[in-house]
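K.L.:
Sharing a structure below in structure tokens format, with a few things to ask.
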Amino acid sequence: MKHSEKVDAMQRHLVPLGFSPYTLAPPAWRMMWQAGLQTPPPIFMGFLPLAFGTGLFFAIGWGLLMWVLMWWRQGMTVAATAGIALLAGLFFGLAMASYYRYYAKKHRLPDWSSYRGA
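The numbering used here applies: residue 1371 is where the sequence shown begins, and numbers increase by one.
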């Protein structure tokens, strides 16, 4: 089964169980898939890779946004900006990984390599 077919099967299986299509396939994952990367959906990823990936993505995006909107006017240093952004990313990554792993266990989902749909 091709990666795109597995993603479609996952949507057909899990959306009727109450999952949002955007929870199962967030925009960042959709972009990776369009770029040809065969990254597993977040609900099928392990805790640490998911926490690291989502946390780092959040830290970079949120940190840049906060610096542009507020922090540079307040004279905050780059080191302080990076430290706060990394701390926020750590909490965000842990929260997202906990959320996805909880629901993967609740619905007894296998790992992505052995997943075949409903």
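Think of the CB as a built atom: it goes at the ideal place given N, C-alpha and C, for glycine as much as any other residue.
Which of the three DSSP states is assigned to Asp-1481 in this structure?
P.N.:
Asp-1481 falls in the coil class under three-state DSSP.
K.L.:
Could you tell me which uninterrupted beta strand (DSSP E) segments, each at least 3 residues in length, are contained entirely in the region 1430 to 1485, listed from first to last along the chain?
P.N.:
Complete beta strand (DSSP E) runs here, min 3: none at all.
K.L.:
Identify the continuous alpha helix (DSSP H) that holds Val-1377 and give its terminal residues.
P.N.:
Where Val-1377 is concerned, the enclosing alpha helix (DSSP H) stretches over 1373 to 1384.
K.L.:
Which first and last residues belong to the alpha helix (DSSP H) in which Thr-1393 is found?
P.N.:
That run of the alpha helix (DSSP H) goes 1391 to 1394.
K.L.:
Go ahead and label Met-1401 buried or exposed: buried means 16 or more other beta carbons lie within 10 angstroms of its beta carbon, across all protein chains shown.
P.N.:
Looking at its Cβ environment, which holds fewer than 16 other Cβ atoms inside 10 Å, Met-1401 is exposed.
K.L.:
Where does the unbroken alpha helix (DSSP H) through Pro-1411 begin, and where does it stop?
P.N.:
Where Pro-1411 is concerned, there is no enclosing alpha helix (DSSP H), given that its DSSP letter is neither H nor E.
K.L.:
Please go through the same chain and pick out, in chain order, the residues whose beta-carbon is closer than 6 Å to the beta-carbon of Met-1466, but skip the five residues on each side of it.
P.N.:
Contacts found: Thr-1424.
K.L.:
Quick one: give me the first and last residue of the alpha helix (DSSP H) that Ala-1398 is part of.
P.N.:
Segment 1397 to 1404, the alpha helix (DSSP H) holding Ala-1398.
K.L.:
What does a CB cutoff of less than 7 Å around Leu-1427 pick up in its chain, not counting 5 residues either side in sequence?
P.N.:
This sequence places Phe at residue 1427; Leu is not what is there. These residues qualify, in order along the chain: Ala-1398.
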